[in-house]
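This report concerns only the one structure given below.
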Amino acid sequence: MRMLLPTLLVCLIFLSAGGIGSLFLRKQRRRVKDSGLYAVNCLAIGLGFLSLSTLALGLAGLWTQWPAWIFIGVIFIAVAAVELTPEKNRKWHQLQLTAKPFAPCSKIEIALICALAALALLVFVRAFTPVLNYDALEYHLGGVGEWIKAGRIFRIPGNFYTAQPFNAEMLFGLGLLLEGDFWGHAPKLINFGFFCGLIATANLLLRGIGATRALSLGGCLVFAMHPLIIGYSPSTPAFSVPIAAALKIISIQADSARAGIVFAAKNDLALAFFSAVALANLLAWIRTREIMHGVLAGIIAGLAIGCKYTAIGVILIPCAIGLVPLTCEWRDWKSLLKHEALFLGFALLVFSPWTLKNFTHYGNPLYPLLPSLFTNESFTQFQYDFYCNAHGAAPLLSLEYWSAVARRMNHYTLWFWLPLAGIPLLRERRPLAIGLAMTFILGHMACATLTQNPDRFQAPLVAPLTLIGAMVLLRLMELRREWRWGGACYLAAAGLLLMLMLTSSFQLGEIKTGLHGKADDETLERILPGLPWIRESLQPEERLLLVFEARPYFFKQPVECNTVFDRFILLRHLRESRAQDWRSLAASLRQHGFDYVLVNEYELLRMIQFFTPDRMLEEKFSGLPANEIRANLKKTGMNSADLLPLYPPLIFEAVPADEIQILHDFIHEIRKHTLYASNQSHPERPGVWIADLNAESH
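Residues in the sequence shown are numbered consecutively from 320, following the numbering used here.
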């Protein structure tokens, strides 16, 4: 029952999405030639509609359970009323009579279907594991959780990430509202739905280039097993060695394989799905020259941008340069400009609700981007530069930039990008292969702009690489039938990795955890010490101020916090209250309704290790080399108050010494009223501690 109800709710969301998408595309239904493409288009359009509608509900202050149920119920009933009429049933029956009979599956096809089913089962079970990923807890679900607490979507001052487009997160929020559980399973189950849709779209793409059913099923398996899609989790030494060894055979760098997007409650899987469906429509546009496919490609590309800003550089512009020119005759400039305007125009139109929301909240339609054009005190140009420098942004076409381009090729693994060398062997499909290669290369170069951005940003580019590999393999099989054995070995490698990953997941206890469904106190204490104590000891209405901790989704209580690239929450309260000492700051926090302060010294040290400039570290620690300081920072024995000058948000704000002293005194003094401390037995070590702001001695 625990797994059944969330699963049924997510099925309701996807069925409603598919139904509403079919209503939008009812005119196209009459002349549909590819039922598979029509189905994924309906799903993508419907999911986009639900996402933007949920955004509208949140902005209207209707982010509570009953409005969500009324909304999804009205949609489901409307779709059922339109689609389940006798006339529709008669047409469906006629379509069934005229459809081609389904050819029986061969043994290898049955084996591939079983492998895909086993993989899907693994992803489904792991969808019931608790969300523990930092980024998800910080903003993918952290922002959604804060909006659920408030019952509306509002501007969160300490979390600039929540100003980014959140198409996927809107669906997560809709699922949680329907589920009625703040820590429900809907987000990961929705990602499981995106995973199934992505595999179906990969099969559609492969069949569209002429792959046989067996080859397309094998290609789907290889696609799903790519490290950027599903990743792997080495557990015990007995299993981590063969997994690393197997990956080393087919990849230059096995470490990149940890960066899968399937098992995390993030927006990357939705981005990959929408990007793949947009790519499928672009290929159909090239093949049929029907303008409707161009419209749908633009709309769905706009939904991809609505998942993440990076889609502009990774998907939209590369597709506009590499694939849209193939939809018209060579040197037909008027047609080319028309098609480019059509594709880009519909994409930006569908993306525009997020720009309007940000313009209303921040005065910047692309907040936090372009701070020099749209000045805003919440995120200044200096903060933006600090963010870019922290992520290793390199000047375009510099030596460091090209080094990042070459280094990040490892993340796609050798067996995916090696087929690029086979493009000259192609004949009729060579222009398409070159267009796909340009799409991949331009998207990859865009990913390398921030040299230290997460590998998962590159996941949408696996689809064009898969198509190029399939086209080259098909051509080789045409040249020599013996090459079929090479294809079989290629697919067998994916099967081996599947077996190893299933074993790894079992060894890690992830399947057992998924079946159990909740994180135990030991796990929570390891991820954030003090969290079990908070859940047992504090009332839901008691308010916490989180210092150096940026994961609000852990808490059902009202909280305020800041990310490492936002203004320091304590400094904001200090300046707003105009406090002159730590006592008046504490009094001001009590007046604002705060009951407790949680200080996470672990996170402070981690932020300093990753983001504080070398020069400041060397000045603080008497000229020791910065690398040595970072390696031994947790052994310094300094408490959080002493390390305040190294805290990144205080660096990019250039805070005066007197304000730092007040903050120092506040953290030092309230520590005397600690109710919980993770380092109680070893006070000299950094830890997490919770202090009572209402202590009488304040």
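Every residue, glycine too, gets a C-beta built ideally from N, C-alpha and C. Bear in mind that the values here come from a model prediction, so they are computed numbers and not experimental data.
Give the DSSP-derived three-state secondary structure of Tyr921 in the structure shown. helix
Does the segment 531-548 come close enough to the segment 464-477 that 3 or more CB-CB pairs lie under 8 Å? no
Could you say if the segment 903-914 and the segment 994-1006 meet the contact criterion of at least three C-beta pairs nearer than 8 Å? no
Less than 8 Å between the beta carbons of Ala1014 and Ile986, yes or no? no
Kindly indicate the opening and closing residues of the beta strand (DSSP E) around Leu864. Arg862 to Val866
Note the first and the last residue of the continuous alpha helix (DSSP H) segment covering Tyr703. Gln700 to Ala709
Would you report the Cα separation of Trp293 and Ala379, rounded to the nearest angstrom? Only positions 320 to 1017 of the chain appear in this structure, which leaves residue 293 out of reach.
Which partner residues does Tyr915 have in the DSSP bridge list? Leu863 and Asp1011
Using the C-alpha atoms, what's the distance from Pro848 back to Leu865? 13 Å
Pairwise C-alpha distance: Phe514 and Lys507: 10 Å
Would you report the Cα separation of Tyr995 and Leu963, rounded to the nearest angstrom? 22 Å
Given this structure, state the Cα-to-Cα distance separating Lys426 from Ala434, to the nearest angstrom. 12 Å
Given that a residue counts as buried once 16 or more other Cβ atoms are within 10 Å of its Cβ, and exposed if not, what is Gln858? exposed
Since Leu769 sits in a beta bridge, which residues does DSSP pair it with? Ala712
Three-state class that DSSP yields for Pro556 in the structure shown: Note that Pro556 scores a pLDDT of 38, beneath 50, so its modelled location is shaky; the value from the coordinates is reported in the next line. Helix.
Pick helix, strand or coil for Thr993, following the three-state DSSP scheme. strand
Looking only at DSSP bridge pairs, what is Glu488 linked to? Looking at the DSSP assignment, Glu488 forms no beta bridge with any residue, so it has no partner.
Report yes or no: do three or more beta-carbon pairs, one from the segment 721-740 and one from the segment 601-609, lie closer than 8 Å? no
How would you label Trp388, buried or exposed, when you count the other beta carbons within 10 angstroms and need 16 or more for buried? exposed
Report back the beta-carbon spacing between Thr785 and Ala521 to the nearest angstrom; my notes put them in contact at under 8 Å. 7 Å
Which partner residues of Val878 appear in the DSSP bridge assignment? Leu863
When the Cβ atoms of the segment 886-902 are set against those of the segment 971-987, are three or more pairs found closer than 8 Å? yes
Sorted by chain position, which residues of the same chain lie with C-beta nearer than 6 Å to Gln702's C-beta, five sequence neighbours on each side aside? Phe971
Looking at the structure shown, is His987 part of a helix, part of a strand, or coil, going by DSSP? helix
Ignore the nearest five residues each way along the sequence and tell me which others in Gly529's own chain have a CB closer than 7 Å to its CB. Leu793
Neighbourhood of Ala519 by C-beta distance below 7 Å, restricted to the same chain and skipping five residues each side: Val359
So, for Leu369: in the same chain, excluding its five sequence neighbours on each side, which residues have a beta-carbon less than 6 Å away from its beta-carbon? Ala336
Determine the direct distance from the alpha carbon of Ala765 to that of Asn729, and round the result to whole angstroms. 16 Å
Can you give the Cα-Cα distance for Pro877 and Leu917, rounded to whole angstroms? 13 Å
Note down, in chain order, each residue of its chain lying with its Cβ closer than 7 Å to the Cβ of Thr326, except the 5 sequence neighbours on either side. Leu508
My output table needs one value for Ile760: the three-state DSSP class, helix, strand or coil. helix
Between which two residues does the alpha helix (DSSP H) containing Thr679 stretch? Trp652 to Tyr681
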